[in-house]
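Working notes, beginning with the structure itself.
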Amino acid sequence: MQRLKNKHVILGVTGGIAAYKSADLARRLRKAGAQVRVVMTAKAKEFITPLTMQAVSGNPVHDDLFDLKAEAAMGHIELARWADVILVAPATAGFIARLVNGEAGDLLTTLCLATTAPLVLAPAMNQAMWKNTLTQDNVQALHAKKIAVLGPGEGDQACGDVGPGRMLEPQELVDRLSEIFATGRLTGQRVLITAGPTREAIDPVRYISNASSGKMGYALAMAAAEAGADVVLISGPVDLEKPTHMKCIDVVSAEEMHAAVMKEVDACDVFLSVAAVADYRCKTVATQKIAKKEAELTLMLERNPDIVASVAALSKKPFVVGFAAETENLIAHAKAKLKNKKLDMVIANQVGQKEVGFDSDDNAATVIWQTQEKIYPRMSKQKLARELIALIADQIKK
Ligand code: C5P
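First residue of the sequence shown: 174, per this note's numbering; consecutive thereafter.
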């Protein structure tokens, strides 16, 4: 399972000799499919150059909290929001101490405080510094705050000492980091997901469709698979790479999607209806390309089946989650959908804006179920997907 695929990893590099391994680490993270942005402390730059880290990460290096140019491109709060995980490797004794103290004196510590993403530290220092009770107290404080500490390993040290304090090897860090994304929350559950738009033919070359990119549905499918579910993804036409480790079924029209869902639904425990299904199709589809003869052309449309409502109406129904993509009165429309379509949960998101919704990489949502509501602020669709899957898993357990 490529758990790091498309994950946004901030690689923090602090000033220790093991920083020379951070270049290899960045390269391996990218090879595992992650997008990597490197943040360096001033001391890290004494050990390895930003140019090297930029070349291996494929992105500009961030190193200054007060750099106006960098802030204009991607501000520190935006960077904190971008991250799916922050890995600090190497993490020196000094960095760990500053973090435990809640200091925000430079870009890296500020990001660690500002992010909601998991923090993972790979300590690297002299064995005596590692064993020092001040360091050990700080490491205990990290454990208490559920900040993951990977390593250190034992062995020969750059200073000639032998003992604990070596940064774990880059590939081990990549493997251990990917485990963070495996939650096991949906182990044993079968999840059926629809994604993308549908296309309703007008004639052999034209169709009616919408701007859904499929990104949210695909992100949810991957998050469900990461959480251990058996996933079936039924997708309308999208321009996305097929996720691995799941059954993928391609469809074009709403009727095809409806038929595919009805075939798969019996075997599933959860149905996530993320697709932007066309509400109407042409009553008759022209067999030949319609010629441009008349000044006006009338198309007669008829209703498509409401897929999510038909699943929710089944006597043996799964846990049904619908989406409400609206340009106005978001919450009122979403609540009406929850009730009218007899859904177990509805995920409401505003569309028609550039930053969030249909074709963008970010999304924000309000989830409504029974008498409860939960607001998820703007974040990447991958991160939102993982949070939504966690919420759905909790509800199923109840
Ligand atoms: O009614 P509306 O299209 O706004 O509802 C959105 C929800 O209903 C989404 O979950 C969408 O996948 C689902 N839907 C459906 N079949 C349709 C129309 C919408 O499953 N024909």
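Every residue gets a Cβ at the ideal spot worked out from N, C-alpha and C, and that includes glycine.
Residue i (DSSP reduced to helix, strand or coil)
i           : result
residue 395 : helix
residue 547 : strand
residue 555 : helix
residue 370 : strand
residue 126 : Lying before the first or after the last residue shown, residue 126 is absent from the chain, which here runs from 174 to 571.
residue 439 : helix
residue 421 : strand
residue 227 : helix
residue 475 : strand
residue 487 : coil
residue 568 : helix
residue 259 : strand
residue 434 : helix
residue 458 : coil
residue 381 : strand
residue 192 : helix
residue 482 : helix
residue 413 : coil
residue 321 : strand
residue 365 : strand
Beta carbon of residue i nearer than 7 Å to that of residue j
i           : j           : result
residue 369 : residue 266 : no
residue 558 : residue 393 : yes
residue 495 : residue 446 : yes
residue 458 : residue 374 : yes
residue 295 : residue 323 : yes
residue 259 : residue 288 : yes
residue 212 : residue 183 : yes
residue 361 : residue 263 : no
residue 427 : residue 371 : yes
residue 290 : residue 246 : no
residue 338 : residue 299 : yes
residue 343 : residue 194 : yes
residue 177 : residue 199 : no
residue 399 : residue 354 : yes
residue 511 : residue 493 : no
residue 541 : residue 507 : yes
residue 273 : residue 185 : no
residue 217 : residue 192 : yes
residue 566 : residue 358 : yes
residue 477 : residue 452 : yes
Exposed unless 16 or more other CB atoms sit within 10 angstroms - verdict on residue i
i           : result
residue 526 : exposed
residue 377 : exposed
residue 474 : exposed
residue 240 : exposed
residue 365 : buried
residue 196 : buried
residue 304 : exposed
residue 269 : buried
residue 280 : buried
residue 439 : exposed
residue 275 : exposed
residue 553 : buried
residue 221 : buried
residue 282 : buried
residue 544 : exposed
residue 488 : exposed
residue 418 : exposed
residue 461 : exposed
N-terminal and C-terminal residue of the beta strand (DSSP E) that residue i is part of
i           : result
residue 337 : 335–339
residue 327 : 326–329
residue 343 : Careful: residue 343 lies outside any beta strand (DSSP E), inside the alpha helix (DSSP H) at 343–352.
residue 285 : First-last for residue 285: 280–287, but that is the alpha helix (DSSP H), not the beta strand (DSSP E).
residue 295 : 292–296
residue 577 : The structure shown does not extend to residue 577, since the chain is modelled only from 174 through 571, so no value can be given for it.
residue 254 : Counting along the chain, residue 254 falls outside any beta strand (DSSP E), though it belongs to the alpha helix (DSSP H) covering 249–255.
residue 408 : 403–408
residue 210 : 208–213
residue 277 : Counting along the chain, residue 277 falls outside any beta strand (DSSP E), and DSSP gives it neither H nor E.
residue 523 : 518–523
Start and end residues, alpha helix (DSSP H) containing residue i
i           : result
residue 220 : 217–220
residue 269 : 266–273
residue 310 : 306–317
residue 511 : 503–513
residue 197 : 195–204
residue 497 : First-last for residue 497: 492–499, but that is the beta strand (DSSP E), not the alpha helix (DSSP H).
residue 241 : 241–246
Any chain D beta carbon closer than 7 Å to residue i
i           : result
residue 544 : No chain D is part of this structure, which consists of one protein chain only.
* Are there three or more Cβ pairs, one per stretch, closer than 8 Å when the stretch 328–341 is compared with the stretch 531–544? -> no
* To do: Examine the Cβ distances between the stretch 474–486 and the stretch 419–435 and report whether three or more of them are shorter than 8 Å.
  => yes
* Asked: For the 8 Å Cβ check, are there 3 or more pairs between the stretch 206–222 and the stretch 379–388?
  -> no
* Under a criterion of Cβ closer than 5 Å to any non-hydrogen atom of the ligand GTP, which residues qualify, in chain order? -> Absence of the ligand GTP from the depicted structure is noted, with the ligand C5P being the only ligands included.
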